[in-house]
Structures are given as C-alpha cells and as structure tokens.
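Chemist:
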Amino acid sequence: MTKDVRDEHDGRDERFTVAVLGPGGVGGLLAALVARAGHRVICLAGDDTAEVLRADGIQVRSGRFGDFTARVEADTELREPVDACLIAVKHTALDAALDRVPAGALGDGLLVPFLNGVEHPAALRARYGSARVAPAVIRVESTRTAPGVIEHGSPFAEIDLTGDTVARERLDALAGVLAAAGPAVRVQAGEAAVLWAKMSFLAPFALLTTRYGLPLGDVRTLHRTELTALVAETAAVSRASGAPADAAAALARYDAFPPGTKSSMQRDAEAGRPLELDAIGGALLRAAARHGVPVPVAERLVRELEGAGPR
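Each residue of the sequence shown is one higher than the last, beginning at 2 in our numbering.
(1) Distance check for Ala97 and Arg128, CA to CA, integer angstroms please.
(2) Can you say whether Leu223 is buried or exposed, counting buried as having 16 or more other CB atoms within 10 angstroms of its CB?
(3) Could you tell me which of Val150, Ala51, Thr166 sits nearest to Val113, measuring between CA atoms?
(4) What does a CB cutoff of less than 8 Å around Arg312 pick up in its chain, not counting 5 residues either side in sequence?
(5) Can you give me the start and stop residues for the beta strand (DSSP E) that Leu215 sits inside?
(6) Which residues share a DSSP beta bridge with Arg145?
(7) Please check the pair Ala299 and Leu208, which I expect to be a contact at CB under 8 Å, by giving their CB distance rounded to whole angstroms.
(8) Taking the alpha-carbon positions, what's the Glu234 to Ala193 distance?
(9) Helix, strand or coil: which one does DSSP assign to Ala137?
(10) If you follow the beta strand (DSSP E) that Glu74 is in, where does it begin and where does it stop?
(11) Between which two residues does the beta strand (DSSP E) containing Val61 stretch?
(12) By Cβ distance, which residues of its chain are closer than 8 Å to Tyr213, with the 5 residues on each side in sequence left out?
(13) Measuring only the C-alpha atoms, how far is Thr50 from Asp57?
(14) Please classify Phe66: does DSSP put it in a helix, a strand, or coil?
(15) When you compare only the Cα positions, how much space is there between Asp237 and Leu252?
(16) Our contact map puts Arg37 next to Phe69 with C-beta atoms below 8 Å; I'd like the distance itself, whole angstroms only.
(17) Relative to the C-alpha of Thr77, which candidate in Lys91, Asp100, Gln60, Thr262 has its C-alpha closest?
(18) Alpha carbons only, please: which of Ile281, Ser265, Ala289, Tyr255 is nearest the one belonging to Ser242?
(19) Could you tell me if Asp48 is buried or exposed, where buried requires 16 or more neighbouring beta carbons within 10 angstroms of its beta carbon?
(20) Mind checking which residues open and close the beta strand (DSSP E) that includes Thr18?
(21) Quick check on DSSP: helix, strand or coil for Pro311?
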C-alpha cells in the first residue's frame, strides 16, 4: 500500500524535534526545510561544522524551495531524545558517524537512514532496536558547497518512507512533517521493494560510470551491451529478494537522463574519496549469492573496481 502525503499533515500543529546526522547536501537541505517549517532541528557534525551551523545557520539556494537561511541547533553528539534522527552520511562514514547517536540518548525516536544499498537497516536494527528504524529513499540533487551552504539543483525532492518493523502511525506522522516542509513524500509498505527499487537503478549506473570514468550518456552508447546485461542481472537479484523489477523500464530511465549525468560514486572516485563500493556492488553480489542468481558482469566490475585502488 502506498500513501501520498504531500497535501496531508495530521500533526500540523505539533512541533517535532528532529536530529540530522550529516548536514551535507541531502541532510543539510532536509534540516533547513524542516527548521523553516517551524520544527526544532539539531544537526550532528564535527566541531568545525557544528560551530558554523550554530553561528550562521544553513543557507539554501534552490529554484524549487527558494533562497533562504534556516536557524538550527548543532552539536557533536545527540544528548537528548528526539522524535526522529535523519541519517544522511555516506555509507563509508556510517560506523564512525553513529557514535554521535548513542542509543540511550535517542529515546523512542525513529532512526531514518537515507543511505544507498539494502543491508544497512538490519545493522541499524541490531544496534538501536527494530521498532525504531524506518528506511527512506530520496530522489534529489543537492550539494554542500561549504559548511552550512547547500545548493539544491534539481526541480524536485521526493521521499519514499518505509519500515516493516515500525508502526504505521509513526511513519505517517513523520511523513506529514517532511511533506509540510516541502518535499513530496510517500509512505510505502514493503521495505524490500522500496530499497531494491533504488538499488536496481543505482547499481548499474554507479558501477559502470565509475569503472569507465564516463558520464551516463557515453556509458549507454559505448558500453550498451554491458549496461543491458548488468540491468538484467540486477533485476533478477531484485526479484529473487522479493522486490519487483523491470529491466526494460530501467533502461528507458537511463536513456531519458541527460547525457552528462554522473553517479555519486563516480564523483567520489574523481575526488579521491572512499567509494560506497561494498554498500552497492558488494551488497548486490552477496544478495545474488544468497539466492543463487548468476551475476558475471557485476562480479567482474566489482573485482575491477576493487583492483583499481583503495576503496
């Protein structure tokens, strides 16, 4: 069941307290929007970033939401219960970042990871408890150009919120807060379907653009055979994992993107940053192995990317 709550906010008069772990491109945008909507926001970051946010707030430049500055609180660690903690760090930084969110301090608050991959919900539930973890997927292009400065470049910001182990009324309440702040929000049943829907698109895109150092337009023309094969492999793993997948629809989506589009993994590689290779490619291979699905193209690409240097 899918519920669209873009125009619904049952708790409109209730002020939430929302922590944001990782106030970068995605986290900073969400923190600023939620704060502008009148809720209390606590950003969790390193000392230098926290100091900037306390002094200057978060400046957003957005064609969709306008240019504005939102006042937020900031700290290096969560020290009090919150209604929700949005996790918006890279998977490569997750373990260290979670030290900023002690389970005891979180109270009964929801933990909402906006992370790539499909394996993180299980790890978070083991650490924080199953009733707290509500995974989310966001479709947005947003970049932190400096601490507390966010450039939102896409004409959309869309969130799918899910959580098989979370009470539906809690998901609806949080979705209402996020939707009233600006993004289009849907609450969706079927956590695996939500996470694999993103994974099915992201894995071929990330692996191929990063492996060849090419934008999507060149990949879909110069490496079309590999793209088609990898999309088919990923769709097969998705279906085996209990989530629907349509390889033809995925290829059509790639063909519709601007030719200069780069994946975030490719941008990380170009900048010399750690890659989310294990969270994306590694997770795909592990799921394939569990279900006995052959994925020779994915195996080769992951192996070649692993051999290219430290990840």
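We treat Cβ as the ideally placed atom computed from N, Cα and C, and that holds for glycine.
Modeler: With the given structure in hand:
(1) Looking up residue 128 in the sequence shown gives position 127. Looking up residue 97 in the sequence shown gives position 96. So the two alpha carbons sit approximately 13 Å from each other.
(2) Looking up residue 223 in the sequence shown gives position 222. Under this definition Leu223 is an exposed residue.
(3) Taking the sequence shown and counting its residues from 1, one reaches residue 113 at position 112. Closest option to Val113, Cα to Cα, is Thr166.
(4) Position 311 of the sequence shown holds residue 312. Interpretation of Arg312 is limited by its pLDDT of 41, a score under 50 that renders its predicted location unreliable; the figure taken from the coordinates is listed afterwards. If you ignore the 5 residues before and after Arg312, its C-beta comes within less than 8 Å of the C-beta of Pro275, Leu276, Leu278, Asp279, Leu306, all in its own chain and listed in chain order.
(5) Along the sequence shown, one-based indexing puts residue 215 at 214. Neither: Leu215 is in no beta strand (DSSP E) and is coded neither H nor E.
(6) Start at 1 with the first residue of the sequence shown, and residue 145 comes out as number 144. Paired residue(s): Ile151.
(7) Position 298 of the sequence shown, counted from the first residue, corresponds to residue 299. Position 207 of the sequence shown, counted from the first residue, corresponds to residue 208. Ala299 to Leu208, Cβ: 7 Å. Contact.
(8) Walking along the sequence shown from the start, residue 234 turns up at place 233. Walking along the sequence shown from the start, residue 193 turns up at place 192. Cα-Cα distance, rounded: 17 Å.
(9) Here residue 137 refers to the residue found at position 136 of the sequence shown. Here Ala137 carries a strand assignment [DSSP, helix/strand/coil].
(10) Here the question's residue 74 lines up with position 73 in the sequence shown. Here the beta strand (DSSP E) through Glu74 covers 74-76.
(11) Position 60 of the sequence shown holds residue 61. Membership of Val61 in the beta strand (DSSP E) is indicated by the continuous run 59-63.
(12) The count along the sequence shown starts at 1 and reaches residue 213 at position 212. Counting only Cβ-Cβ distances below 8 Å, and skipping sequence neighbours, we find Asp219, Val220, Leu223, His224.
(13) What you label residue 50 is simply residue 49 of the sequence shown in a count that begins at 1. What you label residue 57 is simply residue 56 of the sequence shown in a count that begins at 1. Cα to Cα, the separation comes out at about 10 Å.
(14) Translated into the one-based positions of the sequence shown, residue 66 becomes position 65. DSSP places Phe66 in coil when its eight states are reduced to three.
(15) Taking the sequence shown and counting its residues from 1, the one referred to as residue 237 is at position 236. Taking the sequence shown and counting its residues from 1, the one referred to as residue 252 is at position 251. Sequence inspection shows Ala at residue 237; the Asp mentioned does not correspond to that position. Going from the Cα of Ala237 to the Cα of Leu252 covers about 14 Å.
(16) Counting from 1 along the sequence shown, the entry for residue 37 is found at position 36. Counting from 1 along the sequence shown, the entry for residue 69 is found at position 68. Confirmed, about 6 Å.
(17) Stepping through the sequence shown from its first residue, residue 77 is reached at position 76. Of Lys91, Asp100, Gln60, Thr262, the residue nearest in Cα terms is Asp100.
(18) Position 241 of the sequence shown holds residue 242. Per the C-alpha coordinates, the member of Ile281, Ser265, Ala289, Tyr255 positioned closest to Ser242 is Ala289.
(19) The residue labelled residue 48 in the question sits at position 47 within the sequence shown. Classification for Asp48: exposed.
(20) Here residue 18 corresponds to residue number 17 of the sequence shown, with the count starting at 1. Thr18 -> beta strand (DSSP E) spans 18-22.
(21) Residue mapping note: residue 311 aligns to position 310 of the sequence shown, counting from 1. Unreliable positioning characterises Pro311 in this predicted model, as indicated by a pLDDT of 45, which lies under 50. The coordinate reading is nonetheless provided below. In the structure shown, Pro311 sits in coil (DSSP, three-state: anything other than H, G, I, E or B).
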